[in-house]
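*Asks:* Quick note on my numbering: the sequence shown kicks off at 64 and runs consecutively.
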Amino acid sequence: MPLSPRDETPVGTRTPPWTDREGPRGTRWFPVVVVALLQLPGLLIAFFDAAGHPLTAVAMLIAFLSSGLLALGRAHPGPVVVAIAVLCVPAIALTNGPPLSALPLAFAVVGAVVRGARVWAWWTLAAFAVAAPLAAFLLTSRPTSIIRPLILALVLVLLLGVGEALRNRRERFREVSRTLAARREAAAEAERLRIARELHDVLAHSLSQISVQAGVGLHLFDTRPEKARESLEAIKTTSGQALEEVRGVLGFLRSDGYADRSPEPDVSRIPVLVETYRRAGLEVTYENTLPHGASAATGHALYRIVQESLTNAGRHAQAQHVDIRIAEVDGWYVLTIADDGRGRPDDAVTEGKGMLGMRERAELLGGRFGTRATDGGGLTVEARLPARPAEAA
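#1: Which of the three DSSP states is assigned to Thr434 in this structure?
#2: Taking Ile389 as the reference, give the member of Leu101, Leu217, Pro334 with the closest Cα.
#3: Measure the alpha-carbon distance for Pro328 versus Arg367 and round it to whole angstroms.
#4: Between which two residues does the alpha helix (DSSP H) holding His363 run?
#5: Span of the alpha helix (DSSP H) holding Arg342?
#6: Would you call Met64 buried or exposed, if buried means 16 or more other Cβ atoms sit within 10 Å of its Cβ?
#7: With Ile147 and Ala171 assumed to form a contact (beta carbons below 8 Å), what rounded beta-carbon distance in angstroms separates them?
#8: What residues in its chain sit with their C-beta under 6 Å from that of Gly404, if we drop five residues either side in the sequence?
#9: When the Cα of Ala460 is compared with those of Thr187, His139, Ala199, Val95, which residue comes out closest?
#10: Identify the residues that DSSP records as bridge partners of Asp402: which are they?
#11: Quick one: residues in its chain with C-beta nearer than 6 Å to the C-beta of Thr413, no 5 flanking neighbours on either side, listed in chain order?
#12: Among Leu157, Thr399, Gly394, Ser372, which one has its Cα closest to the Cα of Gly417?
#13: Could you give the first and the last residue of the continuous beta strand (DSSP E) run that contains Arg447?
#14: Let me check understanding here. Comparing Cα to Cα, which of Phe127, Arg435, Val95 lies closest to Pro104?
#15: Return the chain-ordered ranges of every alpha helix (DSSP H) run that is complete within the region 128-197 and spans a minimum of 4 residues.
#16: Exposed or buried, Val275, counting other C-beta atoms within 10 Å across all chains shown (16 or more means buried)?
#17: Would you call the region 246-259 in contact with the region 352-362, where contact means no fewer than 3 C-beta pairs closer than 8 Å?
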C-alpha cells in the first residue's frame, strides 16, 4: 500500500520560514521585527546623544529604517541586499558600540543566498568590504576606525557560508519532495491500473458467461424448460460471484481500512472456473502438475490469465475446445492455454485491454507473456511466471 503524503513528508530538511519565497505571508515580517527590536535601544541612545553626534544619530536612524526593506527580500532578494548595504554603511562607519546597525545587512545577505541571489550577495559583500572601511576612515579620520568594518565584513562572509548551507538544505528538501511526489503518483497510477485490470477481468468474464447462458436459456425456454432453468441458475450464480469480486476490488478504494475483502481467487479456484465454461458448452481440459501451491500473487495472476483466455476463446475466437496446462519448469510456472478457435486475425496479434492486462500481470511479477498460432488453427497463450517472484530479477 502506498504511503500517505503525511507518512512521506521529509523530516529535518526544512529551511527557516522567513527564507522561503512561498512561505506564509506573515513570516516576511519576522526579520523586520527582530532587527527593529534589537536596534531600538541603540537608536534611542543615539538620539539622546544627538546634540553631540547628530550625524551618527541620523545614520543609525537610516540603518534602523532600512530593516523595513527586509519585508521585500522574499520577492526581490538581490536589490534588497544592495539597498540595505548602502543604507547601513554610514551607521557602521560612525558608531563604535555593538554592531547592531549591521543586523539588517546580515539578514539580507543570508536571505539573498538562500533565495538564489548568490551573485548579488557576493558582489555586494565585496563592495561593502571596500566601502565600509573607506567610509569609516573618511568620516572619522582615524586609521583604527577601519578595523571594525573589516571585522564586520569577515563576519558577513561567514554568514554567506550559513546562507549557502541553508540554500543546499532547501534544495535537498525540494528534491526529496519532488521524489516523494513522483513516488506517490507512480504508486497511485499502479493502483489505478491494478484496479482497472481486476474490474476488466471480473466484468468481462462474468458478462460473457451471463450473455452465453442467457442465449442458451432463451433457446431452450420452450422446448427444454429444465435446461433453461439451469441457465438462469447459472446466471444467478455468475452474477453473484461477479458482485462479490467487484466488492472485493472496490474495497481497496476505501480509506477506513475496514472494507470487507474477499480472498483473491488463485490456482485452487481454476477448476471451478473451468466447470463454469463446461456448463456453458465449451470443452475444456485442465491439467495442473505443480508440486505445491503458488504464492498468492502468482496464483492470482495465473487465475486471471486463465479466466481472460477462456473468455476470449469462448466469446471472441468461437472456440470449441480449450486445453489448459500448468507445470513447473526450471523454477518457472509455465501456463499454456491452447484453443481451436479463429486464431490471430491476419496472423497479427492486436492487443486489446484483455491481452494487455495479461501481459502486465506476467511482467509485474518478473515473468513473460506471449501468444502464437496453434497448429491447425486457433491460438496458444503462454505465460511464464517465476516460482519465487520476490527473488526474480
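Backbone N, C-alpha and C fix where the C-beta goes; we use that ideal spot for every residue, glycine too.
This structure is a prediction, so every number in the text was calculated from the model and none was measured.
*Replies:* With the given structure in hand:
#1: strand
#2: Pro334
#3: 8 Å
#4: 359-374
#5: 333-342
#6: Low per-residue confidence applies at Met64: pLDDT is 43, beneath 50, and the placement is therefore not dependable enough to give any value.
#7: 5 Å
#8: Ala376, Ala380, Gln381, Ala382, Gly441
#9: The displayed coordinates of the chain run from 64 to 456. Any statement about residue 460 would go beyond what the structure contains.
#10: Val385
#11: Low local confidence applies: a pLDDT of 45 at Thr413 is under 50, so the model's placement there is unreliable, with the coordinate-based value given in what follows. For Thr413, where only same-chain residues beyond five positions count, there are no Cβ hits under 6 Å.
#12: Ser372
#13: 442-449
#14: Phe127
#15: 140-157, 166-177
#16: buried
#17: no
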